[in-house]
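Protein chains in written order, with the numbering used here: chain A, 1 to 112; chain B, 113 to 229.
We put the CB at the ideal spot given by N, CA and C, even for glycine.
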Amino acid sequence: EDQVTQSPEALRLQEGESSSLNCSYTVSGLRGLFWYRQDPGKGPEFLFTLYSAGEEKEKERLKATLTKKESFLHITAPKPEDSATYLCAVQEPTGANSKLTFGKGITLSVRP
Amino acid sequence: DAGVIQSPRHEVTEMGQEVTLRCKPISGHNSLFWYRQTMMRGLELLIYFNNNVPIDDSGMPEDRFSAKMPNASFSTLKIQPSEPRDSAVYFCATAKVQVGSGANVLTFGAGSRLTVL
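#1: When burial is assigned at 16 or more other CB atoms within 10 Å of the CB, is residue 229/B buried or exposed?
#2: Tell whether a beta-carbon distance below 8 Å holds between residue 162/B and residue 142/B.
#3: Compare the C-beta of residue 59/A against all C-beta atoms of chain B and say whether one is closer than 8 Å.
#4: Considering only the alpha carbon of each residue, which of 204/B, 191/B and 157/B lies closest to residue 128/B?
#5: How would you label residue 148/B, buried or exposed, when you count the other beta carbons within 10 angstroms and need 16 or more for buried?
#6: DSSP three-state label for residue 81/A, please.
#7: In chain order, what residues of the same chain have a beta carbon less than 7 Å from the beta carbon of residue 64/B, not counting five sequence neighbours either side?
#8: Would you mind reading off the limits of the beta strand (DSSP E) that contains residue 109/A?
#9: How would you list, in chain order, the residues of chain A whose beta-carbon sits under 7 Å from the beta-carbon of residue 220/B?
#10: Could you tell me if residue 28/A is buried or exposed, where buried requires 16 or more neighbouring beta carbons within 10 angstroms of its beta carbon?
#11: Taking Cβ-Cβ distances shorter than 7 Å, what residues in chain A pair up with residue 160/B?
#12: Could you spell out the range, first to last residue, of the beta strand (DSSP E) harbouring residue 194/B?
#13: So that I know if they touch, is there some Cβ in chain B lying closer than 8 Å to that of residue 3/A?
#14: Would the beta-carbon of residue 67/A fall within 8 Å of that of residue 53/A?
#15: Pick helix, strand or coil for residue 216/B, following the three-state DSSP scheme.
#16: Please state if the CB of residue 203/B and the CB of residue 186/B are separated by a distance shorter than 8 Å.
#17: Considering residue 224/B, what are the terminal residues of the beta strand (DSSP E) in which it resides?
#18: Can you name, in chain order, every residue of its own chain whose Cβ lies under 7 Å from the Cβ of residue 122/B, other than the five neighbours on each side?
#19: Between the Cα of residue 51/A and those of 30/A, 37/A, 36/A and 78/A, spot the shortest distance and give me the residue it belongs to.
#20: Kindly indicate which three-state DSSP category residue 164/B falls into: helix, strand or coil?
#21: Between the alpha carbons of residue 80/A and residue 16/A, how many angstroms are there, rounded?
#22: Against residue 140/B, what residues of chain A qualify as contacts under a CB-to-CB distance less than 8 Å, listed in chain order?
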């Protein structure tokens, strides 16, 4: 069973059409939940870290929220430059330097 | 800061050949991770090091894969012999981690795209 599941796999939006990307996780305990953005041909780029249920973080048109079992990345009035793959990852509290487990990502396309 | 530097960016080789991928971490970062990305399986952790010591290599697919970190400035991932199913993008990521601190923020390199014919 996957520890991190992202949905939908792909999302096409019209410019200005707000939506949300989902990340559900099944790990027992959570040190942190991460959102990354990946552009074609590049490595993932860090967006947010969330630590506890109820926490929210914002950056420009993006807002990330966290519950005990899932996280949402809300995109408000997206622009074509928001087109990318958005990756969610979890870190379990199993040691000082534990690894990140990633979901398969959500490919977002925003049409002008 | 030049970020995490990976080489080569692209590698095309024939089945059975040895492949060596290289990574230079960000100065001061003490944890280094090797990930593999494919369409089918997404990002998979292969191995990670703390202070140049391998901590978890449970993601290394088989004995054909090996990784080293001889010093804080350099790491290699070697595949010998390579097979077509090894074709993927290999990412190196690094982090500065302090014991007892919060979650690790990884900085990724641009990746090495490997094609094995």
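A quick look at the data gives this:
#1: exposed
#2: yes
#3: no
#4: 191/B
#5: buried
#6: helix
#7: In the structure as shown, chain B begins at 113 and stops at 229. Residue 64/B is therefore absent and cannot be evaluated.
#8: 106 to 111
#9: 43 and 44
#10: exposed
#11: 99
#12: Taken as a continuous stretch (DSSP letters only), residue 194/B belongs to no beta strand (DSSP E), as it is neither H nor E.
#13: no
#14: yes
#15: coil
#16: no
#17: 224 to 228
#18: 225
#19: 30/A
#20: coil
#21: 9 Å
#22: Result: empty, since nearest Cβ-Cβ is about 15 Å, beyond 8 Å.
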